[in-house]
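Below: the structure, in structure tokens.
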Amino acid sequence: DAMVIQNPRYQVTQFGKPVTLSCSQTLNHNVMYWYQQKSSQAPKLLFHYYDKDFNNEADTPDNFQSRRPNTSFCFLDIRSPGLGDAAMYLCATSRTSEKLFFGSGTQLSVL
Amino acid sequence: AQTVTQSQPEMSVQEAETVTLSCTYDTSESDYYLFWYKQPPSRQMILVIRQEAYKQQNATENRFSVNFQKAAKSFSLKISDSQLGDAAMYFCAYRRGSQGNLIFGKGTKLSVKP
């Protein structure tokens, strides 16, 4: 009964090679978030969609972009991954004012 | 800017005992929500408990309860009858109003000793 699904669980890419992480939801929530979590650190918000409205955090690198083609899907694109982008990427969803539901995350390694 | 502070990087509790994790936050907003999330080694974030700032009554979910002190901007989590499965990283989080994103504290790693 997975509600927020992230694929793949583990992703390996090469330095500078574009990579896309995916997230889908069965909850019909209007808000979707992408968080980056590095080892032993708190999750850090990269951006979120409120319906189709895209909201980028001020300190999110330009290297990171996102697409939300419909309510159910949201993608995180890293155009030119660097070694510092290796992290766990967490997708979450919510209805306005309610709790966030998180996916299991995608662990990204950059070689 | 809102901040969330967890002053205990690590805590340890004996199985069946009670432990309290501390969290303080800073905000000038009146409408906000507070959360405790648990992150086990699998790395999935699991909501433990949620508190609306406008509610004076402390939230409770089975063995988990909070002590919400709005004036002091304190939001501690009490885990009663600790179980081995409670071992995880616990994050305190703040959300402004109905559209704000979650701001997390740095987390407290809880170990449960058998």
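Sequence order for the protein chains is A and B.
First residue of the first sequence? That's 35 in our numbering, and the numbers climb one at a time after it.
First residue of the second sequence? That's 134 in our numbering, and the numbers climb one at a time after it.
Each residue gets a CB set at the ideal place from its N, CA and C atoms; glycine is no exception.
- With contacts defined as CB atoms closer than 7 Å, B/Y223 and B/Y158 fail to qualify as a contacting pair.
- By DSSP's assignment, A/F88 forms a beta bridge with A/Y83.
- For A/N104, the number of other beta carbons within 10 angstroms of its own is below 16, and it is reported as exposed.
- At a beta-carbon threshold of 8 Å, none of the residues of chain B lie near A/M37; the nearest stands roughly 11 Å away.
- Excluding the 5 residues flanking it on each side, B/E148 has same chain C-beta neighbours closer than 8 Å at S215, Q216, L217, V245, K246, P247, in chain order.
- In this structure, A/V65 places its C-beta atom within 7 Å of the C-beta atom of A/S128.
- Cβ-Cβ distances below 7 Å link A/L145 to V46, Q48, F49 in the same chain, with the five nearest sequence neighbours on each side left out; the list follows chain order.
- In terms of Cβ geometry, B/S145 and B/S155 do not form a close pair [threshold 7 Å].
- Taking a C-beta distance under 7 Å as the contact criterion, A/Q141 and A/Y44 qualify as a contact pair.
- Contact residues of the segment 210-241 of chain B toward chain A are F224, S231, Q232, N234, L235, F237, G238, K239, G240 (C-beta to C-beta distance below 7 Å).
- In this structure, B/K242 and B/E143 form a Cβ contact; the two beta carbons are roughly 5 Å apart against a cut-off of 8 Å.
- Within chain A, the residues whose beta carbon sits less than 9 Å from that of B/R176 are Q71, M122, L124, S138, G139, Q141, listed in sequence order.
- Each residue's CA atom was taken as its position, placing A/N89 and A/Q70 some 15 Å apart.
- Under DSSP, the beta-bridge partners assigned to B/L235 are B/R228.
- Beta-bridge annotation (DSSP): B/A221 is paired with B/L243.
- The criterion of a C-beta distance shorter than 7 Å is satisfied by A/H82 and B/N234.
- Only S175, R176, Q177, M178, I179, L180, R183 from the segment 174-201 of chain B bring a Cβ to less than 8 Å from some Cβ of chain A.
- No Cβ of chain B is located within less than 7 Å of the beta carbon of A/L55.
- Annotation: Cβ neighbours of A/H82 in chain B (cutoff 8 Å, chain order): N234.
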